[in-house]
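Remarks on the structure that follows.
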Amino acid sequence: MGKRLLVQRRGRGGSVFRNPKWKKIGPARYIEYNAEEFKNKVLEGYVKELVHEPGRGTPLAIVRFEDGREMIMIPPEGLAVGQKIYYGAKAPIALGSIIELGSAPEGTIVSNIELRPGDGGKLARSSGAYAIILAHSRNKTLIQLPSKKVKEIDGNARATVGIVAAGGRTEKPFLKAGKKYYWSRAKSFKYPTVRGKAMSPYAHPAGGGQHPKGLTPAPRNAPPGRKVGHIAARRTGRKKGASKTQR
Numbered sequence: 001m002g003k004r005l006l007v008q009r010r011g012r013g014g015s016v017f018r019n020p021k022w023k024k025i026g027p028a029r030y031i032e033y034n035a036e037e038f039k040n041k042v043l044e045g046y047v048k049e050l051v052h053e054p055g056r057g058t059p060l061a062i063v064r065f066e067d068g069r070e071m072i073m074i075p076p077e078g079l080a081v082g083q084k085i086y087y088g089a090k091a092p093i094a095l096g097s098i099i100e101l102g103s104a105p106e107g108t109i110v111s112n113i114e115l116r117p118g119d120g121g122k123l124a125r126s127s128g129a130y131a132i133i134l135a136h137s138r139n140k141t142l143i144q145l146p147s148k149k150v151k152e153i154d155g156n157a158r159a160t161v162g163i164v165a166a167g168g169r170t171e172k173p174f175l176k177a178g179k180k181y182y183w184s185r186a187k188s189f190k191y192p193t194v195r196g197k198a199m200s201p202y203a204h205p206a207g208g209g210q211h212p213k214g215l216t217p218a219p220r221n222a223p224p225g226r227k228v229g230h231i232a233a234r235r236t237g238r239k240k241g242a243s244k245t246q247r
């Protein structure tokens with residue numbers, strides 16, 4: 001009797017792979033976008049609380065503004081409870097201020113950047129991530145992303161001044177498999193995973209004995225039980241006639 005592959009179990013959507021959304025605090029995004037209000041008014045708020053959300057690498061800050069509205073935001077490094085936050089296109093360039101890309105001077109370090117005005121923040125949101133404003137041209141702003149790629153963004157898009165908090169997270173090793181297991185549970189993926197080649201033939205198409213077994217590339221429309229190995233590969237193996245590296 002065969003064994004269900006990992007891709008089959010994941011597709012079925014059991015408890016191991018289900019997103020633990022009941023543990024989430026809320027969506028980390030900017031407050032509802034009102035272009036006129038954002039352009040002409042600077043709201044002042046304060047950091048009410050810094051909290052941890054399971055499965056997220058960065059902390060979250062709960063900010064309360066003077067008009068009574070609250071927002072969950074990705075905080076920059078150095079933000080503290082009780083600290084003032086400014087929101088608006090004309091807000092001062094200070095740590096934690098939510099500004100308009102087009103109004104920030106060149107060289108400003110920003111994070112949680114919107115791709116389009118009003119989408120709540122899409123770029124540079126992971127721990128320790130940041131982007132640099134390079135130049136302004138008409139209503140567009142050039143920024144350098146964490147990947148060093150330069151991207152053109154609408155100048156009306158919002159961003160937070162500063163580097164995302166928890167930048168040293170990746171420097172601490174897991175040390176124990178148990179810690180890695182619970183970390184993966186919070187992010188709803190399976191750990192540990194076993195290589196298909198290390199399995200027996202009944203358990204995986206790539207499994208079987210001491211000798212390596214050739215695995216035909218799976219087509220893109222293959223069912224989950226067949227979609228393993230190289231998927232829709234143009235070619236596999238070593239290239240014929242490739243020049244050898246010079247000694």
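In terms of the UniProt record's numbering, the sequence shown opens at residue 1 and continues consecutively.
Ideal placement from N, C-alpha and C gives every residue a C-beta, glycine not left out.
Just so we're clear, the structure is a prediction, and the values are computed from it rather than from any experiment.
Buried/exposed call for residue i, threshold 16 Cβ in 10 Å
i: residue 107; result: exposed
i: residue 170; result: exposed
i: residue 112; result: buried
i: residue 87; result: buried
i: residue 138; result: exposed
i: residue 125; result: buried
i: residue 156; result: buried
i: residue 93; result: exposed
Residue i vs residue j beta-carbon contact at 8 Å
i: residue 229; j: residue 215; result: yes
i: residue 96; j: residue 85; result: yes
i: residue 162; j: residue 223; result: no
i: residue 190; j: residue 5; result: no
i: residue 35; j: residue 101; result: no
i: residue 26; j: residue 202; result: no
i: residue 60; j: residue 28; result: yes
Cβ-based neighbour list, residue i, same chain, cut-off 8 Å, excluding 5 preceding and 5 following
i: residue 198; result: 207
i: residue 17; result: 9, 10, 188, 189 and 190
Cβ shell of residue i (< 7 Å), same chain only, five flanking positions each side left out
i: residue 219; result: 232
i: residue 247; result: Residue placement at residue 247 is flagged as unreliable, the pLDDT there being 46, under the threshold of 50; the coordinate-derived value follows with that caveat. Correct list: empty, nothing qualifies.
i: residue 181; result: 191
From the options, residue whose alpha carbon lies closest to that of residue i
i: residue 149; options: 119, 123 and 47; result: 123
i: residue 73; options: 127, 226, 89 and 105; result: 127
i: residue 71; options: 90, 89 and 51; result: 51
i: residue 24; options: 160, 186 and 176; result: 186
i: residue 30; options: 20, 184 and 121; result: 121
i: residue 117; options: 109, 105 and 98; result: 98
i: residue 48; options: 195, 33 and 83; result: 83
i: residue 136; options: 147, 154, 32 and 115; result: 154
i: residue 192; options: 64, 146, 177 and 119; result: 177
i: residue 115; options: 91, 105 and 143; result: 143
Neighbourhood of residue i by C-beta, 6 Å cutoff - its chain only, sequence neighbours within 5 removed
i: residue 226; result: 218
i: residue 103; result: 89
Using a Cβ distance threshold of 8 Å, determine whether the region 124–134 contacts the region 30–43, with at least three qualifying pairs required.
no
Three-pair Cβ contact test at 8 Å for the region 44–61 versus the region 10–17:
no
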